[in-house]
Amino acid sequence: MSLPRVAPQQSVSEHYLRYLDALAASSFAGDIEYSYGSRLAVATDNSVYQKLPQAVVFPKSKTDLQCLGELANQHPQVTFSARGGGTGTNGQSLTDGIVVDISRHMNRVLEINVDEGWVKVEAGVVKDQLNDALRPHGFFFSPDLSTSNRATIGGMINTDASGQGSLVYGKTSDHVLGLTSVLANGEELITTPMSVDEARERSQRSDTLGRILRQVIATSVDKRDEIIAKFPRMNRFLTGYDLEHAYDADNQKIDVSRLITGSEGSLAMVAEATLSLTPIATFKALVNIKYDSFESALRHAPRMVAAKATSVETVDSKVLNLAKTDIIWHSIADLITDVPDKTLLGLNMVEYNSNDEKEIKARIDTLEEELSRAAESGEYGVIGYQVTFDKADIGRIYAMRKKAVGLLGKTEGSQKPIAFAEDTAVPPENLADFIMEFRDLLDSHGLKYGMFGHVDAGVLHVRPALDLCDIEQEKLMHRISDDVVALVAKYGGLMWGEHGKGFRSEYGPAFFGESLFTELRKIKGVFDPSNKMNPGKICTPLASNDELVKVSDTKRATFDRTIPVAFKSAFAPAMECNGNGLCFNYDTTSPMCPSSKITRDRRHSPKGRAGLIREWIRLLGESGIETAKLSADNFRTSFIQRWKNTRNNEADFSHEVMDAMNGCLACKSCSSQCPVKVDVPEFRATFLSIYYQRYLRPLKDYMVANIERMAPLMAKVPDVVNFFLRRKLVASLIEKQIGYVDTPLLSSPVLTKRVENIAKPFDMAYLNSLSDSEREKHVLIVQDPFTSFYDAQVVADFASLVKEMGYRPILLPFKPNGKPEHVKGFLQRFADTAASTAAFLNNVASLNIPMVGVDASLVLCYRDEYVKTLGKQRGEFTVLAVHEWLETLPDTSWERDVPTSADILPMALFSHCTEKTALPTSEKQWQTLFARVGQPVDIVSVGCCGMAGTYGHEADQKQNSLGIYALSWEQAVNRYSPEQVMATGYSCRSQVDRIENFKPQHPLQALLACIRKTTR
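To get this note's numbering, take the position in the sequence shown, counting from 1, and add 10.
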């Protein structure tokens, strides 16, 4: 069977093509994309919905936004939806029109005015990015949200976002001093608060602002009493549109920005915002209070609010237990410990801020006395508590809380907690009773769920677990949604406490009432009379017959349920993606997905790649392929046919998927850092293996896949090979014919020469003859292709380190690891390699002598890819990383006289991204090991170096590789002298050598040097 061509569906409509052609010919300076893959990347957000846009455009300036609108005046059918981080949980930015993505280019902090307490930003600035810029000045932008490392200010404005601490800090709208927006017709609209008298005077004008002001006065001023009677008296007031606060009766002000804030892009596209700043408190304290039930946590929270806490956050046991299985838990395990002989079922995280250290400590002392008494008596359900004043620790705890949404996606089984009624808000005094009734509702349907949120503000995130691929469960979602609307109304609250309406807009008329909802439609009409701005969200213009979007609209599951089960199984990691978008993290020191950081292309993120794969297997299923298992073995195409297919220019969606997969560095950070463990390298390898059943592989793939077979042969004559590799003509031929650059030189002398007087050659008979006590003094060194043949001194130094620690090193014969084969999708070859090497290592493991590998990324392949490929056939052998083996040594091995000096410079540890995400305690372990020999170590926070195995050597990836290095490594490396820099990864050391012209030490080499300075 031949792999078919996969034709994209849903081509761009003719009238949109005409508009896009005109846009390309205009002064628009941004990017215009309407490939199927680009459209799919923004067809979903963090909600359950899916809507394929006609195109996505990336403006570079306010002028570009004006160009979009002005040109659309000539194309009445064209509609827009502005998009920031794509973190909306209710489909706010989804559209079948044109997505206007602000995040790629319009992301500058324009001005910080500390004296006047404001900052001016473009709408695409990420919330954490803004606070990083403000922190040196002693200020921050205080509205908080769990997606702060990827949510943009424009998105926060359009949902009037808020989160932790909103009782003190308020919502986004409370901090907006002014907006510069662009209307659907391309007109600029500048809005700042003005007096009512000025507003009345300006409302007499015939321009757009005049018409808007007339309507605002007619609605917000003239219907003030009706608005006050309808809008709940809560911190989470009714937004979209905020009719109440557009008019400040106390100060007699009109603020049109209040209407735009929370409007979900349905009134205008925000280009720039001026925001107020909040001083950072000097002192913080966080009290983690532990309870015997979630209800106890809810009912105790009002006492914390009454004690004037800055914020009270709560999580249930389900979220906590999921957090304990995540990479993040290691950083907070000692901050939230279990209570002996008690079951922790609820947790309140209570924060206090102050600029007076004595005052905050006195408040905490008083609270501790109360909590200690409660823990002893069982009052309030308190079973224990922990206090921390350390800001770094507090930040780590909140990082866990912020990850709660994504962690719920790790729930096992087909039913996953989903967002559709997850931000209900009720008066805090009603919250516990409301939640108990909410739980009864979910329990009546036999549903599981997780709960967490801002208990101080009466907002709790409740996510029932449903499988929307089951049509009956989708119907149940709709019924529960309706029931929750009624329940919220019963308790005097809102269906949307902080995440906006989006596809829940159908409930708007019921909440506002007919009279005020008509006023909303009038507001919409003066801003956007033709309903071109995010149509269907919040309301439609009064004169329009267009309908609102509905909870029952098309969802991702609508498409996923058509994918054959066998295809889902083959690409299970891609199917797990729930759209959380943590992979969009703006922080360049985060190892998560370096390719999307450098390209700023959503297709090149784990979420983007997972979405492309889901659509690819869906379309593949529709092509008529019937198989019980989807793998490369199902397809066979002759070389001649693959050559013809490769030269053919027929449209094939597979090429778009391939383009996204080709940019992946296979660093595997996503497999650990993603809350639901979306392992892109895993499904990428499967895709490559299938894709190349139809098309020819590039020569570089064969070169990489065969490196473990070629290197031992080349190492027989390393000087000869290096002689040719140093010739410019050879390098040019390799680049042009194979696509490989900066080919590394082989180590000379070779490894066996370097260790002949240090390590004993492997001899199974000799090792079998040893007694158990003799075996305990031996260490087996497992070779890998990169350090053994290209960085042999590291292996030799490890052998010396083993001897220095009182053990006898044995160099195992080189056996291919197979990782290069896996990375390039040669999965059958990898399976054969893994089976052979596993058999050898299992045989050696019977000696019960520690086996240690020098390069952690190759060591981890034995624990990950070998397990997934071989299953039980992998066996039980264990290969330790260097630091893991050192940690097992008895204290006697470290008993030395360590020279002391006040002048010792710290070493700087740069960890390989695969290692520090899969082994999250490894950096601390290295730091502890060095402390034993008196050497301080700085753990340097960096992202990916950009080399990632052979990625940086591929000609088509070199510029991205260098760019990734510049994102975080360049500045960090240059803070230290070359002698201080240590890098655990072979590829990291190679990248630094290529760019900085010096090769860092492996930590084991630096540790060896330290030990040699000591005496026993």
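C-beta: ideal position from N, C-alpha, C; glycine also.
As the structure is a computational prediction, the values presented were derived from the model and not from experiment.
From residue i to residue j, what distance separates their C-alpha atoms?
i, j, result
"TYR390", "GLU305", "10 Å"
"LYS565", "GLN483", "13 Å"
"VAL22", "VAL730", "57 Å"
"GLY512", "ILE227", "27 Å"
"SER903", "ARG999", "29 Å"
"GLY275", "PHE940", "54 Å"
"GLN703", "PHE697", "10 Å"
"ILE299", "GLN396", "7 Å"
"SER525", "ALA431", "25 Å"
"GLN19", "LYS968", "33 Å"
Could you have a look at residue i and say whether DSSP puts it in helix, strand or coil?
i, result
"LYS426", "strand"
"GLY863", "strand"
"ASN123", "strand"
"HIS788", "strand"
"ARG93", "strand"
"HIS464", "strand"
"ALA919", "One detail in the question is off: residue 919 reads as Leu in this sequence, not Ala. Strand, per DSSP."
"PHE840", "helix"
"GLY164", "helix"
"LYS130", "strand"
"VAL952", "coil"
"VAL135", "coil"
"PRO18", "coil"
"VAL495", "helix"
Would you check if the distance between the CB atom of residue i and the CB atom of residue j is smaller than 8 Å?
i, j, result
"TYR712", "LEU756", "no"
"VAL862", "VAL889", "yes"
"ALA567", "LEU622", "no"
"GLY953", "SER600", "yes"
"TYR817", "VAL789", "yes"
"LYS426", "ASN588", "yes"
"PRO708", "GLY749", "yes"
"GLU285", "PHE151", "This sequence places Leu at residue 285; Glu is not what is there. In contact: LEU285 and PHE151 (Cβ atoms closer than 8 Å)."
"SER798", "PHE840", "no"
"THR73", "SER91", "no"
"THR843", "VAL943", "no"
"VAL297", "ILE374", "yes"
"GLY272", "THR249", "yes"
I'd like the list of long-range same chain contacts for residue i, defined as Cβ closer than 6 Å, with 5 residues on each side in sequence excluded.
i, result
"GLU814", "ILE1021"
"LYS678", "PRO691 and THR924"
"GLY94", "ILE112, SER113, THR162, GLY164 and GLY165"
"ALA307", "TYR301, THR324, GLY356 and ASN358"
"ASP948", "PRO916 and ALA918"
"THR99", "ASN56, SER57, ALA429 and HIS509"
"GLY835", "ALA695, LEU698 and SER699"
Can you list, in chain order, the residues of its chain whose CB lies under 7 Å from that of residue i, leaving out five sequence neighbours each side?
i, result
"VAL119", "VAL129, VAL131, VAL135, LEU140 and ALA143"
"ARG268", "SER183, ASP252, HIS255 and ALA256"
"SER615", "CYS593, PHE594, CYS603 and SER606"
"THR598", "LYS607, GLY953, LEU977 and SER978"
"ASP807", "LEU1014, GLN1015 and LEU1018"
Looking at the ligand HEM, does it come within less than 7 Å of residue i, judged from the CB to the closest heavy atom?
i, result
"VAL192", "This structure does not include the ligand HEM; it has no bound ligands of any sort."
Quickly, what does DSSP pair residue i with across the bridge? List them, please.
i, result
"VAL686", "VAL686 is not bridged to any residue."
"LYS294", "ASN363"
"ASP41", "PHE68"
"ALA435", "VAL469 and LEU504"
"GLU636", "DSSP, once it has assigned bridges, lists no residue as partnering GLU636."
"THR568", "Answer is none; THR568 lacks a bridge partner."
"LEU476", "LYS426"
"THR324", "ASN358 and GLY463"
"ARG818", "HIS788"
Excluding the five sequence neighbours on either side, which residues of its own chain have a C-beta within less than 8 Å of the C-beta of residue i, listed in chain order?
i, result
"LEU33", "ILE42, VAL67, CYS77, LEU78 and LEU81"
"LEU822", "PHE772, LEU790, ILE791, VAL792, GLN793, VAL854 and MET861"
"LEU899", "MET815"
Can you check whether the C-beta of residue i is within less than 8 Å of a C-beta belonging to chain B?
i, result
"VAL943", "Reference to chain B is not applicable here, since this structure consists of a single protein chain."
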